[in-house]
Amino acid sequence: TMECAGDSCTAKAPTNAVDSSKQDTSATPILVYSRNLCGLCWLCRWNFWMAGVEFELRDIDKDTSWYSALDANGFQGGTFKLPVVVHGAKAWWDIKDHAGLAKELKTRVSEHVAK
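In short: position in the sequence shown from 1, add 1448, done, that's my numbering.
Printed below as a string of structure tokens:
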């Protein structure tokens, strides 16, 4: 189960781990799971826009597909700050450096395009 309020969520550790480590991310979009009134979510989105990182926005309260991505990336349950960002098999939460993540994602996407 999950409870969200403001800029954070509390969730139990998922029990249905999905091993997506062998997933091809060349055509996989960057997904940003957020909430409209979340200040940290807007900060993340702004950094992505400024870096030219294309992403799809998802409502974290309506689309819980991010939950299995957290599980596959070692989420142990507890409270975390929004947004949740997912690209292929990799997920980020409790993001401290939004500009750094934008740069990392830009590199990840360009590496896949170059292949």
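Note that the Cβ used here is the ideal one computed from N, Cα and C, for glycine as well.
Bear in mind the structure is a predicted one, so any value in this text is a computation, not a measurement.
When rounded, the separation of the alpha-carbon atoms in residue 1458 and residue 1523 is 11 Å. With fewer than 16 neighbouring CB atoms inside 10 Å of its own CB, residue 1484 falls in the exposed class.
In the three-state reduction of the DSSP assignment, residue 1503 falls in the coil class, being assigned neither a helical nor a strand state.
Secondary structure at residue 1538: strand, using DSSP grouped into helix, strand and coil. Between the segment 1538-1549 and the segment 1489-1506, the count of C-beta pairs closer than 8 Å reaches three or more; the two stretches touch. The beta carbons of residue 1456 and residue 1512 sit about 16 Å from each other, so the pair does not count as a contact at 8 Å. Straight across, the Cα-Cα distance linking residue 1539 with residue 1451 is about 19 Å.
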